[in-house]
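Peer 1: Residue numbers for the sequence shown follow numbering that gives the first Met the number 0, so the first one is 0 and each next one is one higher.
Beta carbons: idealized from backbone N, C-alpha and C, even for Gly.
Starting off with a structure, shown below.
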Amino acid sequence: MSDTYDLLVRGATVVTPSGAISADIAVAGGKIVGIGPALSGTAKETVGASGRHVIAGIIDSHVHFNEPGRENWEGLGHGSSALAAGGGTAFFDMPLNSLPPVTDAASFAFKRAAAERSSRTDFGIWGGLVPGNVDQLEPMRDAGAVGFKAFMCNSGVDEFPLSDATTLRAGMKRAAELGMIVAVHAEDDALARMRTAEQHARGTDVRSWLKSRPVELELAAIRTAVDIAGEMRCGLHLVHVSSPEGVALARDAKKRGVDVSVETCPHYLLLTEADVIRLGAPAKCFPPLRPAAMRLGLWAELEAGAIDTIGSDHSPAPPEMKRADDFFAIWGGISGCQHGFELLLSEALARRPAEIALRHMSALFSANVARRFRLDRTKGRLAEGLDADMTIVDIAGEHTLSNGELLYRHRQGPYDRRKCRVRIARTIVRGRTVFAQGRIAPGAPSGQFIRPD
Ligand SMILES: [Zn+2]
0 MSDTYDLLVR GATVVTPSGA ISADIAVAGG KIVGIGPALS GTAKETVGAS GRHVIAGIID
60 SHVHFNEPGR ENWEGLGHGS SALAAGGGTA FFDMPLNSLP PVTDAASFAF KRAAAERSSR
120 TDFGIWGGLV PGNVDQLEPM RDAGAVGFKA FMCNSGVDEF PLSDATTLRA GMKRAAELGM
180 IVAVHAEDDA LARMRTAEQH ARGTDVRSWL KSRPVELELA AIRTAVDIAG EMRCGLHLVH
240 VSSPEGVALA RDAKKRGVDV SVETCPHYLL LTEADVIRLG APAKCFPPLR PAAMRLGLWA
300 ELEAGAIDTI GSDHSPAPPE MKRADDFFAI WGGISGCQHG FELLLSEALA RRPAEIALRH
360 MSALFSANVA RRFRLDRTKG RLAEGLDADM TIVDIAGEHT LSNGELLYRH RQGPYDRRKC
420 RVRIARTIVR GRTVFAQGRI APGAPSGQFI RPD
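Written out as structure tokens, the structure reads:
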């Protein structure tokens, strides 16, 4: 007699948008086909999950895996393995730091082929908005882009130039016509140049660098971006908002009817500028880590519901780019897609009752991402008919994180030796275990391309 299901996850606490229930989850053909207590039937594979919580697979809407072209910085195999070890079941790769950058249909296809070869998890692909490529937005939309990303300041790589207001206006106008979202890195370029020149003349240390990227850069750029998005009636996604003041500007714009969503990153909720002073290069990112009061303010905005999504902004670089006497010259980017989500769950559980914390963080990690990027008919929730993407967590799994366990190409990150009460027990993509017992499951990568409906 043949089995009823491909997989049964038995006896877990299943976290859904409407609440947490004790239930089994049945999977067939990569989809969830049943959620309920003591499901009958047999399965090819059974996973015992009593004492564990299951949340919808984490969708990291913001990574830089740097392939094709800069595999020596990370690569899709390393990056997606690390993500899976951190509970991620899908990611959206940013258009830059890979070579060529994704700014037309040909470079889009090139990245898609690379990810189909080597990604352990499912993946979406961001297109880039840069000066002169507005005519390429439609072909990238047709190829399945999740949205278009633009920089309002220097991106750090020459081949991905910043978008001035003229480019943003033209790009947002076209994106709106195409029904697509534009994401911006919001730091004002003129202010960045001015503050950098002032501070670099005074010193090349970490404190001078921090002073060169004050929050005024973020706020000025957010004001510009929401104004243009409102005028062009374009959906705007503010990536890596680092300050409660920035979140408040977006909240005000929402009230005025602007279609804007706010992403922040684990590092702004877990670390402060004291950590970049202490750790140096592994904690250097743009915008920079902020004073302790801003970190707490960001948590308050998050708990008040003013933040929509969490993305890791995993942005690695080779060790030689993370070393320099001049702190300004060091690559800015935190490697965080493996440790960030579990640590954030840990922190959220320390702040609020478990069910509230898990439901809210799961919405930020998965359901809200899927809804914002029109993937919610297949991903983002634990519900019948959706892809069987699951992150199984042990919320009493206190352990100490170590950079030695990182699956990144370069084992650098800001969370070494940090205590974490949550352990990722298993990561399942479309019913197939990708990570369990501290290891990537054997077998060929089988990540699939995902695109908005
Ligand atoms: Zn980024």
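How many Å lie between Ala305 and Leu248 at the Cα?
Peer 2: Their backbone Cα atoms lie some 10 Å apart in a straight line.
Peer 1: Any contact of the segment 96-112 with the segment 429-437, i.e. 3+ C-beta pairs under 8 Å?
Peer 2: The answer is no - the segment 429-437 does not touch the segment 96-112, with fewer than three Cβ pairs under 8 Å.
Peer 1: In terms of residues, what are the limits of the beta strand (DSSP E) holding Ala19?
Peer 2: Where Ala19 is concerned, the enclosing beta strand (DSSP E) stretches over 18-27.
Peer 1: What's the C-alpha gap between Thr390 and Ser365?
Peer 2: Taking the straight line joining both Cα atoms gives about 11 Å.
Peer 1: Nearest to Ala369 by alpha carbon, out of Pro413, Gly396, Asp307, Ser79?
Peer 2: Of the candidates Pro413, Gly396, Asp307, Ser79, the one whose C-alpha sits nearest the C-alpha of Ala369 is Asp307.
Peer 1: From what residue to what residue does the alpha helix (DSSP H) around Val225 run?
Peer 2: 214-231 is the extent of the alpha helix (DSSP H) around Val225.
Peer 1: Can you name the start and end residues of the alpha helix (DSSP H) that Lys254 belongs to?
Peer 2: 243-254 is the extent of the alpha helix (DSSP H) around Lys254.
Peer 1: Roughly how many angstroms lie between the CA atoms of Glu404 and Gln337, to the nearest whole one?
Peer 2: Answer to the nearest angstrom: the Cα atoms are 10 Å apart.
Peer 1: Any contact between the segment 81-93 and the segment 56-64? By contact I mean 3 or more CB pairs, one from each, below 8 Å.
Peer 2: Contact between the segment 81-93 and the segment 56-64 is present, because at least three Cβ pairs lie under 8 Å.
Peer 1: DSSP on Ala303, reduced to helix/strand/coil?
Peer 2: Coil.
Peer 1: Look at the alpha carbon of Arg322 and the alpha carbon of Arg140, and state the distance between them as a whole number of angstroms.
Peer 2: Going by the C-alpha atoms only, they are around 38 Å apart.
Peer 1: Indicate whether the contact test is met: 3 or more Cβ pairs, each with one atom in the segment 187-203 and one in the segment 143-161, closer than 8 Å.
Peer 2: The answer is yes - the segment 143-161 touches the segment 187-203, with three or more Cβ pairs under 8 Å.
Peer 1: Roughly how many angstroms lie between the CA atoms of Met179 and Thr41, to the nearest whole one?
Peer 2: Their backbone Cα atoms lie some 43 Å apart in a straight line.
Peer 1: Cβ of Val240 within 8 Å of Cβ of Thr263?
Peer 2: Yes.
Peer 1: Would you grab the beta carbon distance between His236 and Ala182 for me? Rounded to a whole angstrom, and I think it's under 8 Å.
Peer 2: With a Cβ gap of about 4 Å, His236 and Ala182 count as contacting.
Peer 1: State yes or no: is the C-beta of His63 nearer than 7 Å to some heavy atom of ligand 3?
Peer 2: As presented, the structure is devoid of ligand 3, carrying ligand 1 as its sole ligands.
Peer 1: Between which residues of its own chain and Lys283 is the CB-CB distance below 7 Å, once the five residues before and five after are set aside?
Peer 2: Only Val275, Ile329, Gly331 meet the Cβ criterion.
Peer 1: Can you list, in chain order, the residues of its chain with a C-beta nearer than 7 Å to that of Pro67? Leave out the 5 residues immediately preceding and following it.
Peer 2: Excluding sequence neighbours, Pro67 sits near Ser97, Leu98, Phe109, Lys110, Ala113.
Peer 1: Examine ligand 1 and report whether any of its heavy atoms sits within less than 7 Å of the Cβ of Met320.
Peer 2: No; taking the cut-off as 7 Å, the Cβ of Met320 has no heavy atom of ligand 1 nearer than that.
Peer 1: In this structure, does DSSP put Val275 in helix, strand or coil?
Peer 2: Correct three-state label for Val275: helix.
Peer 1: Tell me the residue span of the beta strand (DSSP E) that contains Arg422.
Peer 2: Element bounds for Arg422: 422-428.
Peer 1: List the whole-angstrom C-beta distance separating Lys378 from Thr399, where the pair is believed to meet the contact cut-off of C-beta under 8 Å.
Peer 2: Going by Cβ atoms, the distance from Lys378 to Thr399 rounds to 32 Å, so no, they are not a contact pair.
Peer 1: Given Ala19, which residues of its chain have a CB within under 6 Å of its CB, disregarding the five upstream and five downstream residues?
Peer 2: For Ala19, where only same-chain residues beyond five positions count, the Cβ hits under 6 Å are Thr12, Glu354.
Peer 1: What is the DSSP secondary structure of Leu7, counted as helix, strand or coil?
Peer 2: In the structure shown, Leu7 sits in a strand (DSSP, three-state: E or B).
Peer 1: Please report how far the alpha carbon of Leu7 lies from the alpha carbon of Asp388, in whole angstroms.
Peer 2: Rounded to whole angstroms, Leu7 to Asp388 spans 13 Å at the Cα level.
Peer 1: Given the structure, does Asp92 come close to ligand 1, in the sense that its CB is under 7 Å from one of the ligand's heavy atoms?
Peer 2: The answer is no for Asp92.
Peer 1: Let me know if Glu383 comes out buried or exposed under the rule of 16 or more other beta-carbons within 10 Å of its beta-carbon.
Peer 2: Glu383 is exposed by the Cβ-count criterion.
Peer 1: Short of 8 Å in beta carbon distance, which residues of its chain neighbour Glu346, apart from the five on each side in sequence? Order them along the chain.
Peer 2: Excluding positions up to five away in sequence, the list reads Leu268, Leu269.
Peer 1: Since Leu237 sits in a beta bridge, which residues does DSSP pair it with?
Peer 2: Paired residue(s): Val183, Val261.
Peer 1: Can you look up Glu66 in the DSSP assignment and give me helix, strand or coil?
Peer 2: Note: Glu66 maps to coil in three-state DSSP.
Peer 1: Can you find the residues in the same chain that come closer than 7 Å, C-beta to C-beta, to Asp415, ignoring five residues on each side of it along the sequence?
Peer 2: If we look at Asp415 and ignore the five residues flanking it on each side, its Cβ neighbours are Leu400, Ser401, Asn402.
Peer 1: What residue range is occupied by the uninterrupted alpha helix (DSSP H) comprising Met139?
Peer 2: Unbroken alpha helix (DSSP H) run through Met139: 136-142.
Peer 1: Of all the beta strand (DSSP E) runs that stay within the bounds of the segment 50-113, which reach a length of 3 or more residues?
Peer 2: Listed in chain order, the complete beta strand (DSSP E) runs (minimum 3 residues) inside the segment 50-113 are 52-55, 57-62, 87-92.
Peer 1: To the nearest angstrom, how far is it from the Cα of Gly47 to the Cα of Trp208?
Peer 2: Answer to the nearest angstrom: the Cα atoms are 50 Å apart.
Peer 1: How many whole angstroms separate the CB atoms of Pro16 and Ala443, which I take to be in contact at a CB cut-off of 8 Å?
Peer 2: Not quite, the Cβ-Cβ distance comes to about 33 Å (not below 8 Å), so this is no contact.
Peer 1: Please classify Asp375 as buried or exposed, where buried requires at least 16 other C-beta atoms within 10 Å of its C-beta.
Peer 2: Looking at its Cβ environment, which holds 16 or more other Cβ atoms inside 10 Å, Asp375 is buried.
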